[in-house]
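Worksheet: the structure to be examined is printed underneath.
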Amino acid sequence: MKHPIHLETREQTGARLFSPTAGRNKDPIGKVLDEHIPQNAKVLEIASGSGEHGHHFCGLRPDVIWQPSDPDTVSRASQDDWAIERPGQILTSLSVNTMDENWWKDLTEFENIYCANMVHIAPWEAACGLAEGAKHLLNETGFVFLYGPFMEGDDTAQSNLDFDENLKARNPRWGVRKLSAVKHIFSEQGFNLTTRIVMPKENRLLIFKNS
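Using the working numbering, the letters of the sequence shown map in sequence onto residues 3 to 213.
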């Protein structure tokens with residue numbers, strides 16, 4: 003994940019990126035997060051990409067403090083540009099790579115972690131690092147919100163099977179992850195999958211609760 007790669011063409015105005023995917027999914031994701039993120043929460047977003055998800059959600063929830071992050075400098079510049087419209091609510095983006103050892107050591111005071119569309123276009127170690135970091139960052143009331151496509155055995159959509167094949171052809175370390183495997187790595191760190199929400203385009207929003 004040292005050189006993040008997105009799977010779309012993004013328009014750019016100045017530093018600000020416009021993601022077609024984020025443009026489509028920010029509304030349904032925002033509605034779900036609005037129902038589940040507690041009042042006055044401080045949220046750490048991992049792999050924030052263009053920064054549009056945080057910008058959109060903070061428009062829905064002015065009580066929330068949002069901390070974007072990304073290992074990619076161009077993405078962080080875009081996140082900071084979007085943040086101009088939410089002064090004091092969206093913080094300056096941080097350089098965070100969940101494959102780095104102890105990536106969480108300088109981060110504090112987060113009650114929630116949100117991560118969308120990362121684990122399938124990064125090595126599996128990035129997902130494992132995310133789960134391990136969540137254990138160190140979140141208290142007993144903390145939640146992890148994980149969005150994207152997942153393999154669900156016989157219930158896996160054909161589109162996700164095709165997507166998995168396409169991803170692995172691009173990079174053998176990528177792929178649509180098995181839901182059972184994702185549940186396992188979070189369970190090892192003390193998190194239970196409490197909610198699985200079916201989202202558009204055969205995506206899922208998974209909510210893990212610190213046990």
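For every residue, glycine included, the Cβ atom is placed at its ideal position computed from N, Cα and C.
- Query: Can you find at least 3 beta carbon pairs, one from the segment 170–188 and one from the segment 79–96, that sit closer than 8 angstroms?
  - Reply: no
- Message: Quick check on the burial criterion: 16 or more other C-beta atoms within 10 angstroms. Buried or exposed for Met3?
- Response: Position 1 of the sequence shown holds residue 3. Because the pLDDT at Met3 is just 39, under 50, the model does not fix this residue reliably, and the point stays unresolved.
- Message: Would Ile39 and Asn104 qualify as a contact pair, given that the criterion is a beta-carbon distance under 8 angstroms?
- Response: Taking the sequence shown and counting its residues from 1, one reaches residue 39 at position 37. Taking the sequence shown and counting its residues from 1, one reaches residue 104 at position 102. Not in contact: Ile39 and Asn104 (Cβ atoms no closer than 8 angstroms).
- Sorted by chain position, which residues of the same chain lie with C-beta nearer than 7 angstroms to Phe165's C-beta, five sequence neighbours on each side aside? Here residue 165 refers to the residue found at position 163 of the sequence shown. These residues qualify, in order along the chain: Pro151, Val178.
- Message: Suppose you measure from the CA of Leu93 to the CA of Thr143; what does that come to, to the nearest Å?
- Response: Counted from its first residue, the sequence shown places residue 93 at position 91. Counted from its first residue, the sequence shown places residue 143 at position 141. Each residue's alpha carbon lies about 22 angstroms from the other.
- My guess is that Gly56 and Asp72 are in contact by the Cβ rule of under 8 angstroms, so how many angstroms apart are they, rounded? In the sequence shown, residue 56 corresponds to position 54, counting from 1. In the sequence shown, residue 72 corresponds to position 70, counting from 1. Going by Cβ atoms, the distance from Gly56 to Asp72 rounds to 11 angstroms, so no, they are not a contact pair.
- Item | Local conformation of Arg26 per DSSP, three classes | Locating residue 26 in the sequence shown gives position 24, counting from the first residue. Helix, per DSSP.
- Residues bridged to Pro209 [DSSP beta-bridge criterion]: Translated into positions along the sequence shown, residue 209 becomes position 207. Contrary to the premise, residue 209 reads as Ile rather than Pro in this sequence. Answer by DSSP bridge pairing, in chain order: Phe147, Thr197.
- Message: I need the boundaries of the beta strand (DSSP E) containing Ala118, first residue and last residue.
- Response: The residue you call residue 118 lines up with position 116 of the sequence shown. From DSSP, the beta strand (DSSP E) with Ala118 extends over 114–118.
- Message: For the segment 205–213 against the segment 134–149, do three or more pairs of beta-carbon atoms, one drawn from each stretch, fall closer than 8 angstroms, so that the two count as touching?
- Response: yes
- Looking only at its own chain, which residues have a Cβ that is under 6 angstroms from the Cβ of Ala159, when we skip the five neighbours before and after it? On the sequence shown, position 157 is the one that residue 159 refers to. Contacts found: Glu204.
- Task: Could you give the DSSP three-state label for Ser97: helix, strand or coil?
- Result: What you label residue 97 is simply residue 95 of the sequence shown in a count that begins at 1. Looking at Ser97 - three-state DSSP - the assignment turns out to be coil, as it is neither helix nor strand.
- Item | Simplified DSSP assignment, three categories, for Ser161 | Start at 1 with the first residue of the sequence shown, and residue 161 comes out as number 159. In this structure, Ser161 counts as helix in the three-state DSSP scheme.
- Alpha-carbon spacing of Leu163 relative to Glu127, whole angstroms: If you number the sequence shown from 1, residue 163 lands on position 161. If you number the sequence shown from 1, residue 127 lands on position 125. If you take the alpha carbons of Leu163 and Glu127, they lie about 21 angstroms apart.
- Exposed unless 16 or more other CB atoms sit within 10 angstroms - verdict on Gly131: Taking the first residue of the sequence shown as position 1, residue 131 is located at position 129. Buried is the call here.
- Task: Check each candidate in Glu134, Asn27, Phe59 and name the one with the smallest Cα separation from Tyr149.
- Result: Walking along the sequence shown from the start, residue 149 turns up at place 147. If we check each option's Cα against that of Tyr149, Asn27 comes out closest.
- Would you check if the distance between the CB atom of Ala49 and the CB atom of Met120 is smaller than 8 angstroms? On the sequence shown, residue 49 is found 47 positions in, with the first residue counted as 1. On the sequence shown, residue 120 is found 118 positions in, with the first residue counted as 1. Yes. Within cutoff.
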